[in-house]
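Reviewing the structure listed below.
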Amino acid sequence: MEIKKLAESLNPVERKVLKVLDNFDYFHDIMKATNLKDVEVSRALQWLQNKNVVELKEQQKEMVLLDENGLKYLKSGLPERKFLDAIERKTSVSEIAKKAGLSNEEIAISLGALKSKAAIEMEKGKELLVSITGNGKHLLKHGFPEEQFLREIFPKELSSLNEEEKSVLENLRKRKKIIRVELSKIINVELTETGKKLLKEKIEDDLIEKLSPSLVKASAWKGKKFRRFDVKINVPSIFGGRKQHYRRFLDEVRQKFVALGFKEMTGPIVETDFWDMDSLFMPQFHSAREIHQAYYVKEPKYGKLDEALVKRVKEAHENGYETGSKGWRYEFDVKRTHRHMLRTQGTASSARMLASKELQIPGKYFAISRCFRYDIIDATHLSDFFQTEGIVVEENLNFSHLKGLLKMFAEEFAETDQIKITPGYFPFTEPSAELHAKHPDLGWIELGGSGIFRPEVVKPLLGREMPVLAWGIGIDRIAMFKLGIRDIRQLFSHDLEFLRSAKIV
Amino acid sequence: MPTITFSLKDLQHLVGKKISVEELQELAHYGKGDFEGYDKETDEAKIDFGDTNLPYLWSVEGVARLIKGILGLQKGIPEIKVSKGGYQVVVDKSVIKYRPYIACFAAKGKKMDDYLIKQMVQLQEKFCESYGRRRQKVSIGLYSYKRLKFPVHYKAIEPLSIEFVPLEFKAKMNLKEILAEHPKGRDYAWVLEGFDKYPVLMDDKNEVMSFVPIINSNFTGKLEIGDEDLFFEATGIDEEAVNLAASIFAYALHDRGFQIYSVEAKYPDKKVMMPNLKNESIQIKSEQIKHLFGLELKENEIKQLLEKSQYDFANWKVKIPVYRNDILHPYDIIEDIGIAYGFDKIKELPLTTFTHGSTFKLNEFIDKVREIIVGLGYQEILSAILANKELLYRKMNIKDFGTIEIDDYMSETYSVVRSWILPNLMEVFSKNKHVEFPQKIFEQGLVNSRKGDEIFESHRIAIASSHENANYTEMRQILDYIMKCFGLSCDIEEAEHDSFIEGRVGRAIVKGKKVAYLGEISPVVITNWGLEMPVVALELNLSELWEVMER
Numbered sequence: 004m005e006i007k008k009l010a011e012s013l014n015p016v017e018r019k020v021l022k023v024l025d026n027f028d029y030f031h032d033i034m035k036a037t038n039l040k041d042v043e044v045s046r047a048l049q050w051l052q053n054k055n056v057v058e059l060k061e062q063q064k065e066m067v068l069l070d071e072n073g074l075k076y077l078k079s080g081l082p083e084r085k086f087l088d089a090i091e092r093k094t095s096v097s098e099i100a101k102k103a104g105l106s107n108e109e110i111a112i113s114l115g116a117l118k119s120k121a122a123i124e125m126e127k128g129k130e131l132l133v134s135i136t137g138n139g140k141h142l143l144k145h146g147f148p149e150e151q152f153l154r155e156i157f158p159k160e161l162s163s164l165n166e167e168e169k170s171v172l173e174n175l176r177k178r179k180k181i182i183r184v185e186l187s188k189i190i191n192v193e194l195t196e197t198g199k200k201l202l203k204e205k206i207e208d209d210l211i212e213k214l215s216p217s218l219v220k221a222s223a224w225k226g227k228k229f230r231r232f233d234v235k236i237n238v239p240s241i242f243g244g245r246k247q248h249y250r251r252f253l254d255e256v257r258q259k260f261v262a263l264g265f266k267e268m269t270g271p272i273v274e275t276d277f278w279d280m281d282s283l284f285m286p287q288f289h290s291a292r293e294i295h296q297a298y299y300v301k302e303p304k305y306g307k308l309d310e311a312l313v314k315r316v317k318e319a320h321e322n323g324y325e326t327g328s329k330g331w332r333y334e335f336d337v338k339r340t341h342r343h344m345l346r347t348q349g350t351a352s353s354a355r356m357l358a359s360k361e362l363q364i365p366g367k368y369f370a371i372s373r374c375f376r377y378d379i380i381d382a383t384h385l386s387d388f389f390q391t392e393g394i395v396v397e398e399n400l401n402f403s404h405l406k407g408l409l410k411m412f413a414e415e416f417a418e419t420d421q422i423k424i425t426p427g428y429f430p431f432t433e434p435s436a437e438l439h440a441k442h443p444d445l446g447w448i449e450l451g452g453s454g455i456f457r458p459e460v461v462k463p464l465l466g467r468e469m470p471v472l473a474w475g476i477g478i479d480r481i482a483m484f485k486l487g488i489r490d491i492r493q494l495f496s497h498d499l500e501f502l503r504s505a506k507i508v
Numbered sequence: 267m268p269t270i271t272f273s274l275k276d277l278q279h280l281v282g283k284k285i286s287v288e289e290l291q292e293l294a295h296y297g298k299g300d301f302e303g304y305d306k307e308t309d310e311a312k313i314d315f316g317d318t319n320l321p322y323l324w325s326v327e328g329v330a331r332l333i334k335g336i337l338g339l340q341k342g343i344p345e346i347k348v349s350k351g352g353y354q355v356v357v358d359k360s361v362i363k364y365r366p367y368i369a370c371f372a373a374k375g376k377k378m379d380d381y382l383i384k385q386m387v388q389l390q391e392k393f394c395e396s397y398g399r400r401r402q403k404v405s406i407g408l409y410s411y412k413r414l415k416f417p418v419h420y421k422a423i424e425p426l427s428i429e430f431v432p433l434e435f436k437a438k439m440n441l442k443e444i445l446a447e448h449p450k451g452r453d454y455a456w457v458l459e460g461f462d463k464y465p466v467l468m469d470d471k472n473e474v475m476s477f478v479p480i481i482n483s484n485f486t487g488k489l490e491i492g493d494e495d496l497f498f499e500a501t502g503i504d505e506e507a508v509n510l511a512a513s514i515f516a517y518a519l520h521d522r523g524f525q526i527y528s529v530e531a532k533y534p535d536k537k538v539m540m541p542n543l544k545n546e547s548i549q550i551k552s553e554q555i556k557h558l559f560g561l562e563l564k565e566n567e568i569k570q571l572l573e574k575s576q577y578d579f580a581n582w583k584v585k586i587p588v589y590r591n592d593i594l595h596p597y598d599i600i601e602d603i604g605i606a607y608g609f610d611k612i613k614e615l616p617l618t619t620f621t622h623g624s625t626f627k628l629n630e631f632i633d634k635v636r637e638i639i640v641g642l643g644y645q646e647i648l649s650a651i652l653a654n655k656e657l658l659y660r661k662m663n664i665k666d667f668g669t670i671e672i673d674d675y676m677s678e679t680y681s682v683v684r685s686w687i688l689p690n691l692m693e694v695f696s697k698n699k700h701v702e703f704p705q706k707i708f709e710q711g712l713v714n715s716r717k718g719d720e721i722f723e724s725h726r727i728a729i730a731s732s733h734e735n736a737n738y739t740e741m742r743q744i745l746d747y748i749m750k751c752f753g754l755s756c757d758i759e760e761a762e763h764d765s766f767i768e769g770r771v772g773r774a775i776v777k778g779k780k781v782a783y784l785g786e787i788s789p790v791v792i793t794n795w796g797l798e799m800p801v802v803a804l805e806l807n808l809s810e811l812w813e814v815m816e817r
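Chains as they are written, first to last, in our numbering: chain A, 4 to 508; chain B, 267 to 817.
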């Protein structure tokens, strides 16, 4: 930075400190000279060092400091002075104590100190009588060396004392809490080349520190300069209100589907076996339907259903229901189909939509559904998660359209048009296909499952056969890739620091 | 989903052609399988098969058969010859009530080795566990018939009437003891629950072969290296499934070079020759191919594709190999035509019909509320909906107000559906005691509760603020601000709610509907969560508020 700009960037405290640096190089001297507080000087020096104006050097030194009583005596005088002051010819000690306001301890100290200096004479009678000597009068007039010492600037380097001072120090150290000597960190301030040049520069004192409404109103800023700020400096971090990272991602997924012409559909999280599985032609003996694969609800055990619909689905399971299918050929348990459970798959919403009066043909539908599975929770499994599924219902759609649809999804969600569609298996679709996409960073990933609903699913629900393309996308995996998360549990993190700092994508 | 392991060299031997790992990866897709990996050192390949109704693929012999078809090395249904065996199984009427069906055959001409026994055990286990519904629907046994005296008897007996040494054990046990003490007995006792008699297979010397479907005898009921005369039995409660098991094993052993021999089942009222390897047929139409795949194929093309998939085809009639039991509808055949044709060769077509995209008005409203709260500097939270009563009630100092509980949960932590959201936010505070304050958080989501037989699902939002000076005013201001944003006004009445400090909790009423609680959280609750910092909170029912607004 140019010296001129540098000069304009100094804040009032820095300016104050800088001005005394010519004469002082110790932290405490600077404090005394500028009359600033410890923190102010230390902050100003730190800033000046950041600006390469000074170099701060720390040293360990033995320092002499005034203690509690030292500070007191500096203000109100030493007890021995008060003692001397109180003597009139021959005065009793008790009278002196009363007059000078000294405690017994201070009296004892004063007597010792004054005696050693031969400043008093004592006479023992009924009471101890004290009179002043010539030495004493001299001390009263010219001062005690101890008083002089207390008036020095502290802290003071021990090594800077002369012989005489040292002996005074020794005397004082014997007394209670007047002087203490300790090892302390001393900051030595050295001006850099820049600093030396800066001192020669004219340091403007009349810089505007803060623009205020009154300055603007009175045009008082005109003709003056604003202090320059160091705009490159680091500042303390803040956090703001924000949407949760995974929900923000799901919000965008929903917007995307709406933009692609899909209508949102929904269903309850407490479902019946009927909508979750039976209506989807999953036989009641299917291995995915073991008690330990889904969460069944304690109470209420059974839900209400449209019994005419149940009858058609029952027939589909038992004999194919007017579709030309053999069906699964077992006795369908009507009571069981009413059983309440937590939804295991978003496809339940698709089944509900197919049977709904709201269904529009042609129509495209999607749902972002909360689903539940009987799973041990770890880095790749949750028992409570989101699924994104949907259907496209239209006459004359076939597998070619399904492929086109899947390609569109790959482009929208995995940012690639390179897809691979392989045979798959779902109880409710025929044909069934898995979608793999070549992600630009991750290579081939499994993106989802899809297929065309079986007639055994469509006819009982819709009342007639109709092409229904069905798909599901592994949205949580895509979210993890996008959010840079490796552990799926972080999608539901309760760590506030993580939530406040999670990447927004 | 069954994952099977096998030796790649063995597969190549069965197919009669060298197959690279990359080729295997591609070929697995034809069986709806995902190649899981290959270990060069052990020569072990792994495939995960997705279709739970195609158990013939759960052994290397089945995989080899699939691949031979796809590569054109085998056209149509592979031939199998069954020789007359002259063996007999007598099915006693006592067993009909419990486990009525049995299918058997004999096989000879090859020696069992370690690898082959492992393959057979793998197929047996996968079949019985998954397709056989953990042995209830079907269970399977393999024996060396040299150790058996025919005819074999299938009957049900009193649990204490007989003793034998079960597999892997040394001492004789009766059937009750086996169910209580043998590991397999404990695993599968549920299949026999409620039965007063148990099914067994015994040979003509009254030697127990198997306590069905629990465990075989240690003497007759196991295969050993070097055995070459095999007796197969499958029993169960589903005739089709039992026959399917027999046909899959008969084909697998036939592919291994065994000669298959018939066994006669003598039921009380009829005699049946086994194994039943009769192929069923189904009629298809060329329009169906066009309908599902948009393909217009000539009859001979269809024939070729079907033969690749091990079907026979003549006059639009498709003959289905007996080891496939998954064909319910002509579309199941059409899918196989599409797979054999190649999914990758089918062209992509765009969807061209215009449809109007939209979301629910309620969702749009909810998003606006979330946006308002974010604007007030609040961090959004997303928690699991599954919770527990400790979190929802005990720690919140209130009584259960109607909870959806899970019948057979895996972990207590996730044993109920949450009935309100504020406890989730308290949990967040408790996990972030050392994070910078103020902590201002909210969560919007679903809650469920029940009254008697009725379930109530609603969207709610909970908002909470924790810092030294948190107070009622803060929450009241937020509530008022939300109302103002939507041009609503709300009345507050004094409320009683033990999660909050008495006299500092209110209930918000909008157009006569009680939609929210708000107030200062009770120090009892704060302490329950191991916290010290004051918390103020509100929970607002967005579904009800929306309903009021729509009115």
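Glycine included, every Cβ here is placed at the ideal spot set by N, Cα and C.
Minimum Cα-Cα distance from residue 539 of chain B among the listed residues B/730, B/366, B/352 and B/810 corresponds to B/352.
Taking the CA atoms as reference points, residue 420 of chain B sits about 6 angstroms from residue 356 of chain B. If you ignore the 5 residues before and after residue 706 of chain B, its C-beta comes within less than 7 angstroms of the C-beta of 643, 644, 645 and 731, all in its own chain and listed in chain order. Proximity of the segment 420-431 of chain A to the segment 274-284 of chain A meets the contact definition, three or more beta-carbon pairs being nearer than 8 angstroms. Put simply, the segment 453-464 of chain A touches the segment 309-323 of chain A. At least three CB pairs are less than 8 angstroms apart. Contact annotation: the segment 522-531 of chain B touches the segment 368-376 of chain B, with at least three C-beta pairs closer than 8 angstroms. Burial check for residue 384 of chain A: the Cβ neighbour count within 10 Å stays below 16, so the residue is exposed.
Beta-bridge pairing by DSSP links residue 425 of chain A to A/437.
For residue 581 of chain B, no alpha helix (DSSP H) run applies, since DSSP gives it neither H nor E. Those residues of the segment 685-704 of chain B placed with their C-beta closer than 8 angstroms to a C-beta in chain A are 693, 694, 697, 698, 701 and 702, ordered along the chain.
Listed along chain B, the residues sitting closer than 8 angstroms to residue 303 of chain A by beta-carbon distance are 716, 718, 719, 720 and 721.
Contact of residue 151 of chain A with chain B is not assigned, every C-beta pair being separated by 9 angstroms or more.
Our two residues, residue 294 of chain B and residue 390 of chain B, have alpha carbons roughly 21 angstroms apart in a direct line.
Within 10 angstroms of the beta-carbon of residue 499 of chain B lie 16 or more other beta-carbons, which makes it buried. Close to chain B, meaning a Cβ-Cβ distance shorter than 7 angstroms, are the following residues of the segment 429-451 of chain A: 433, 434 and 436. For the segment 573-598 of chain B, residues whose beta-carbon sits nearer than 7 angstroms to a beta-carbon of chain A comprise 594, 595, 596, 597 and 598. Close partners of residue 393 of chain B in chain A (Cβ separation under 8 angstroms) are lacking, with about 12 angstroms as the shortest Cβ gap.
Chain order gives no chain B residues near residue 486 of chain A, where near means a beta carbon separation below 7 angstroms; the closest approach is about 12 angstroms. Below 8 angstroms, enough C-beta pairs join the segment 608-628 of chain B and the segment 404-411 of chain A to call them touching: three or more. Using a CB distance cut-off of 9 angstroms, residue 676 of chain B counts as an interface residue toward chain A. At a cut-off of 9 angstroms, the C-beta of residue 331 of chain A has a neighbouring C-beta in chain B.
Residue 447 of chain B carries a helical assignment under DSSP once its states are collapsed to helix, strand and coil. Taking a cut-off of 8 angstroms for Cβ pairs, the segment 582-601 of chain B and the segment 314-323 of chain B touch, as three or more such pairs fall below it. Taking C-beta atoms under 8 angstroms as the contact rule, residue 414 of chain B and residue 475 of chain B qualify, at a distance of about 7 angstroms. Taking each of A/153, A/491, A/88 and A/220 in turn and checking the Cα distance to residue 172 of chain A, the smallest one comes out for A/153.
Against residue 260 of chain A, the close residues of chain B are 623, in the order they occur along the chain (beta-carbon pairs closer than 8 angstroms). The C-beta distance from residue 69 of chain A to residue 190 of chain A rounds to 20 angstroms, too long to meet the 8 angstroms contact threshold. The segment 332-384 of chain B is shown to contain whole beta strand (DSSP E) runs of 3 or more residues at 348-357 and 367-374, in chain order. Residue-level contact check: residue 284 of chain B does not touch chain A, since none of the beta carbons of chain A fall below 9 angstroms from its beta carbon.
604, 605, 609, 610, 612, 613, 614, 615, 616, 617, 619, 620, 621, 622, 623, 624, 625, 626 and 629: these are the residues of the segment 603-629 of chain B whose beta carbon lies less than 8 angstroms from some beta carbon of chain A, given in chain order. In the same chain as residue 380 of chain A, and ignoring 5 residues on each side of it, the C-beta atoms closer than 8 angstroms to its own belong to 386 and 492, in chain order. A residue is called buried when at least 16 other Cβ atoms come within 10 angstroms of its Cβ; residue 120 of chain A meets this threshold and is buried. The C-beta distance from residue 378 of chain B to residue 492 of chain B rounds to 7 angstroms, short enough to meet the 8 angstroms contact threshold.
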